[in-house]
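Note sheet for the following structure.
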RNA sequence: GCGGCGGUGGCGCAGUGGCGACGCAGCAGACUUAGGAUCUGUGGCCCUUGAUCGGGCUUGAGGGUUCGAAUCCCUUCCGCCGCACCA
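The following block contains the structure:
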């Protein structure tokens, strides 16, 4: 595979070639494995092998869990793994006990779909994929502690996933204490009367089913009938997060419908505030924090009750529609109301006939309100979210025939239904203030509804709304036109007006200040085979029972058919059927759960793909513990809170930005529950998060827009040709389907793993996406060749270093490099670290003399985290018998890292006219005198009068004339 | 539409107020039968010169602050990423 011919080989039999690299790399990988070089020491338990190591400061470094895909890796995949490995190796050399390993997130749809197509058990194909991927990763020389690796599909692992599920199931959120507590403590409160039951009956008088139902309303994991995203094409329900903005499944791109189904949910909303506020202490990219904040979507406002006349014509305080608004200050401007089409009160308020004088555009041309509402509801339900989306600008809706009363002005306001109000947000009903809300404005214009200006525009448009082109929505203005019984907001600013009206509302019991969240509870069940079974059974009354710990794990049974029943993707009128439900032998089970052997029916849903990755960081710590999820002493050692990381957590977590909300939010939620229940000492799972960029690749397409093999495209004078046909070039993702994938195996074969590692790290900053440039890889290969040649004679293979003392210039170059490289490594700036190593090596190459041993050794140590195989080989050639994994990383001598002379630039009017070599500590006056006396300066000045001299010792003198 | 990030040689990118790092490509040379191997040198554009020297212009565009701007401020254009009728 190497480009080097036999001729060159004979000339330099010990040149650093791809073959030599392959030989070195395989040998060191074997040695690391047999010596257990990367074993991290626990303070106690079965992995406490080395107390000296455990006594060092710890670093817990993690990559996001890979899914073992059957397609194999391309060079983009290991980018993050290489980066964490470099960082981990650097940390080992700076005296840390480093925990770095990698497991597999191995439950998932691809294996199941493959099983459906081929009949291969998902476990079989998944395990084969893991073997392939392990081999590919091993070839890169990643320093993982293999003892700590596992896959989520291991029963020993998912036993604890199920255990955590039960912990969550058996907990409730105590709002007063602001934490989760065991459900038994809630039962005790109901039992002794401290807490009243919903209907006031004593707890003991409730049937088991009723008690179960009550508790279900509090449990952090609960089964409930709720509107969920049903995807007939996949045959499963999906979490909101798995549905794209245009209402399709993220996987498969099938239509998704709203259906009311009984599903398992996680009460993540109980943690909304903590998930939000605890972000502050985390060292995460702002963009990710922002996405989480937006996803949680906290907004402060008020709930306000609007009395409505019911269908029988009675105005009644009982029939009130509650709205959520963030602009309670504009309540006087509410001239109509809108309910979501699905709102439960709609039917109750629709009268038999249109009220006298109903505006024709409000009725949609229907004879009665009931007809109009039914027609609109039907139309809204049949529309996919895509269609709603497309029509977002055109406001549609219909009058219900009912009127409500604006509680502050007393004015009657018509009640509409319209699909611009969403059932899932707030209360599913709004008060519409067309003058001060853009959506309401558009609706009011379309339906010729009145407007009332209650916030004085500051842009000079005046208060006559008939002349307006849009709503005036600014917060920075004063309230007008807002005086009523016992209240006047006139003259107040928006903020004060909000406070005043909120107080007035709560005094009267018709509203209150409240906080609303966009975040909803997490849909946790899937109609899939290849996932963790729920540790739940149902008795003959349908009451769910948690299985005791002793019955875990509930293992996945064998089935004949892995597929859920799927349907016509467009048929909304279908409902899910799980693969596990077809296995009667498994679903029906006789158990003794404390009251004698009885027959139970197993839960046949499985957990979603995220379950296994919600807590894996904890299992890396103590992977073999059969008694506990993780030993508290071990957890506190690796993840406990300490200075600089008050919430504790992993020291560095590297992965793609695509997990910004899903995985990271779920994992934080589980972590907090486990913390509340006292199982762990850290409040957050991941202290520092880093998003690596993507490696992109050029996609070449022919005239039919079909991708052609990128490797076979030729460039001729700025144009691209394939098989004699001109093709176009665009930057895109790397992948098999685009025919532009480059595999790590190819690069390793052509140059070696160290070159691949170096190139991936040198391409640019880790967090930036950049194109893979096949031609540029050779640059890093050359660097390694030069490093090799600076230490080893290519003809004899003998070490060439001298025992001479390094000259001062070399020493300074070395210490400057050390200084820069250590700083860069600590901050994950591997690209600039490599540039500085290259600079040093170029200096040594140009010196054209044997490299002094002291300098060679430091150079080898500097490059060791980046290119560990060649570094180990050189280190051993230099006479060291032990691996350099735990050798001390070079430390810069500050006196040598700084130049004895710095170049001072002398500018005249900002243009450089002369350069002086001066000591760094030169006094300003002396520097100025030196500059003014310089012949070049004198010449450039030509006797002109000097107006001013700016001296910035020691680097600059600027003369102004 | 709202929010975030970013635009520097042919390319990937260094550089957070004061000499454009490092690599690729290119060009010239060396070793070579040859080289897409390796080594050495060169290194944006324009003017001037036989060649040096010298001078001018360059960090998306335009303006501003400053003795001095890739860096700070304003305006504008382009690209990428989130969110998207969230009341």
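Numbering (my numbering), first residue to last: 1037 to 1997.
Glycine included, C-beta positions come from ideal geometry on N, C-alpha and C.
Computed from a predicted structure; not experimentally measured.
For residue 1622, which residues of its own chain have a beta-carbon under 6 Å away from its beta-carbon, when the five flanking residues on both sides are left out?
Along the first chain, read from residue 1 onward, the residue named residue 1622 stands at position 586. Around residue 1622: 1593.
Cα separation between residue 1043 and residue 1874?
Here the question's residue 1043 lines up with position 7 in the first chain. Here the question's residue 1874 lines up with position 838 in the first chain. Confidence is the limiting factor: at residue 1043 the pLDDT is only 45, short of 50, which leaves the residue's position unreliable, though a coordinate-based value still follows. Those two C-alpha atoms are separated by around 28 Å.
Give me the Cα-Cα distance between residue 1489 and residue 1312, rounded to the nearest whole angstrom.
Mapped onto the first chain, residue 1489 falls at position 453. Mapped onto the first chain, residue 1312 falls at position 276. Answer to the nearest angstrom: the Cα atoms are 35 Å apart.
Per the contact definition of three or more C-beta pairs closer than 8 Å, is the region 1168 to 1182 in contact with the region 1201 to 1213?
no
7 Å Cβ shell around residue 1988 - same chain, five flanking residues per side excluded
Along the first chain, read from residue 1 onward, the residue named residue 1988 stands at position 952. Closer than 7 Å at the Cβ level, and outside the excluded window around residue 1988, lies no residue.
Sub-8 Å separation of residue 1188 and residue 1648 beta-carbons
Against the first chain, residue 1188 aligns to sequence position 152. Against the first chain, residue 1648 aligns to sequence position 612. Yes, Cβ-Cβ distance for residue 1188 and residue 1648 is below 8 Å.
How would you label residue 1237, buried or exposed, when you count the other beta carbons within 10 angstroms and need 16 or more for buried?
Mapped onto the first chain, residue 1237 falls at position 201. Result: exposed.
Where does the unbroken alpha helix (DSSP H) through residue 1638 begin, and where does it stop?
Within the first chain, residue 1638 is the residue found at index 602, counting from 1. Segment 1633 to 1638 is the beta strand (DSSP E) holding residue 1638; no alpha helix (DSSP H) there.
Between the alpha carbons of residue 1353 and residue 1467, how many angstroms are there, rounded?
By 1-based counting over the first chain, the position of residue 1353 is 317. By 1-based counting over the first chain, the position of residue 1467 is 431. Model confidence at residue 1353 stands at a pLDDT of 49, short of 50, so the residue's coordinates are unreliable; what they give is reported in the following sentence. Cα-Cα distance, rounded: 17 Å.
Of the listed residues 1761, 1128, 1158, nearest to residue 1752 (C-alpha basis):
Locating residue 1752 in the first chain gives position 716, where the first residue counts as 1. Nearest in C-alpha terms to residue 1752, of all of 1761, 1128, 1158, is 1761.
Sort 1336, 1371, 1051 by Cα distance to residue 1360 and report the nearest one.
As a working mapping, residue 1360 is identified with position 324 in the first chain. Nearest of 1336, 1371, 1051 to residue 1360, Cα basis: 1336.
Quick one, are the C-beta atoms of residue 1408 and residue 1346 less than 8 Å apart?
Here the question's residue 1408 lines up with position 372 in the first chain. Here the question's residue 1346 lines up with position 310 in the first chain. The answer is no: Cβ separation not under 8 Å.
Residue range of the beta strand (DSSP E) that includes residue 1300:
If you number the first chain from 1, residue 1300 lands on position 264. Per DSSP, residue 1300 belongs to the beta strand (DSSP E) from 1293 to 1302.
C-alpha distance - residue 1065 paired with residue 1178, whole-angstrom precision:
Counting from 1 along the first chain, the entry for residue 1065 is found at position 29. Counting from 1 along the first chain, the entry for residue 1178 is found at position 142. A direct Cα-to-Cα measurement between residue 1065 and residue 1178 gives close to 9 Å.
Selected residue, minimal CA-CA separation from residue 1364, among 1330, 1274, 1472, 1309
Counting from 1 along the first chain, the entry for residue 1364 is found at position 328. It is 1472.
Does DSSP classify residue 1984 as helix, strand or coil?
In the first chain, the residue the question calls residue 1984 occupies position 948. Residue 1984 falls in the strand class under three-state DSSP.
Close beta carbons around residue 1625, own chain, < 8 Å, minus the five adjacent residues each side:
Counting from 1 along the first chain, the entry for residue 1625 is found at position 589. Once the five neighbours on either side are set aside, the close Cβ partners of residue 1625 are 1573, 1635, 1636, 1637, 1638.
Secondary structure, beta strand (DSSP E): runs of 3+ residues fully inside the region 1606 to 1693
Under the rule that a run must span 3 or more residues, the beta strand (DSSP E) segments found entirely inside the region 1606 to 1693 read 1624 to 1628, 1633 to 1638, 1688 to 1691.
Proximity to residue 1645 [Cα-Cα], best of 1560, 1595, 1684:
As a position in the first chain, residue 1645 is number 609, starting the count at 1. Checked all of 1560, 1595, 1684; the closest Cα to residue 1645 is 1560.
Neighbourhood of residue 1830 by C-beta distance below 6 Å, restricted to the same chain and skipping five residues each side
Counted from its first residue, the first chain places residue 1830 at position 794. Correct list, in chain order: 1048, 1050, 1051.
C-alpha gap between residue 1516 and residue 1435, whole angstroms:
The sequence position of residue 1516 within the first chain is 480, counting from 1. The sequence position of residue 1435 within the first chain is 399, counting from 1. Spanning the two alpha carbons is a distance of roughly 29 Å.
Quick check on the DSSP output: the beta strand (DSSP E) that includes residue 1099 runs from which residue to which?
Start at 1 with the first residue of the first chain, and residue 1099 comes out as number 63. Note, residue 1099: beta strand (DSSP E), 1094 to 1099.
Let me check understanding here. Comparing Cα to Cα, which of 1661, 1327, 1260, 1291 lies closest to residue 1269?
Taking the first residue of the first chain as 1, we reach residue 1269 at position 233. Selected option, being the one with the closest Cα: 1291.
Tell me the residue span of the beta strand (DSSP E) that contains residue 1008.
Outside the shown range of the chain, which is 1037 to 1997, sits residue 1008, and nothing can be said about it.
Out of curiosity, what's the CA-to-CA distance linking residue 1970 and residue 1882?
One-based indexing of the first chain puts residue 1970 at position 934. One-based indexing of the first chain puts residue 1882 at position 846. Taking the straight line from one Cα to the other gives about 32 Å.
Going by the beta-carbon positions, is the gap between residue 1185 and residue 1138 smaller than 8 Å?
Locating residue 1185 in the first chain gives position 149, where the first residue counts as 1. Locating residue 1138 in the first chain gives position 102, where the first residue counts as 1. Their beta carbons are under 8 Å apart, which means residue 1185 touches residue 1138 by this criterion.
Whose C-alpha, out of 1078, 1796, 1865, is nearest the C-alpha of residue 1815?
Indexing the first chain from 1 puts residue 1815 at position 779. Minimum Cα distance to residue 1815 is reached at 1796.
Where residue 1119 sits in the DSSP three-state scheme:
By one-based count along the first chain, residue 1119 stands at place 83. If DSSP states are grouped into helix, strand and coil, residue 1119 belongs with the helices.
Report the residue ranges of all alpha helix (DSSP H) runs contained in full by the region 1355 to 1411; include only those spanning at least 4 residues, in chain order.
1382 to 1385, 1396 to 1399
Mapping the DSSP letters down to three states, classify residue 1248 as helix, strand or coil.
Working through the first chain from its first residue, we reach residue 1248 at position 212. Residue 1248 falls in the helix class under three-state DSSP.
Between the C-alpha atoms of residue 1554 and residue 1122, what's the straight-line distance to the nearest angstrom?
The residue given as residue 1554 occupies position 518 in the first chain. The residue given as residue 1122 occupies position 86 in the first chain. Looking at the two C-alpha atoms, the distance is approximately 40 Å.
In the DSSP assignment, the beta strand (DSSP E) including residue 1205 goes from what residue to what residue?
Start at 1 with the first residue of the first chain, and residue 1205 comes out as number 169. Element bounds for residue 1205: not the beta strand (DSSP E) but the alpha helix (DSSP H), 1191 to 1205.
So residue 1758 and residue 1781 are supposed to be a Cβ contact under 8 Å. How far apart are they, rounded?
Counting from one through the first chain, the residue named residue 1758 turns up at place 722. Counting from one through the first chain, the residue named residue 1781 turns up at place 745. Their Cβ separation, rounded to whole angstroms, is 24 Å, which puts residue 1758 and residue 1781 out of contact at 8 Å.
Pull up the distance between the alpha-carbon of residue 1799 and that of residue 1871, whole angstroms please.
Within the first chain, residue 1799 is the residue found at index 763, counting from 1. Within the first chain, residue 1871 is the residue found at index 835, counting from 1. Each residue's Cα considered, the two are about 11 Å apart.
Candidates 1443, 1650, 1707, 1235: closest to residue 1541 by CA position
Along the first chain, read from residue 1 onward, the residue named residue 1541 stands at position 505. Among 1443, 1650, 1707, 1235, the Cα nearest to that of residue 1541 belongs to 1443.
Helix, strand or coil for residue 1815, going by three-state DSSP, please let me know.
The residue labelled residue 1815 in the question sits at position 779 within the first chain. Three-state result, residue 1815: helix.
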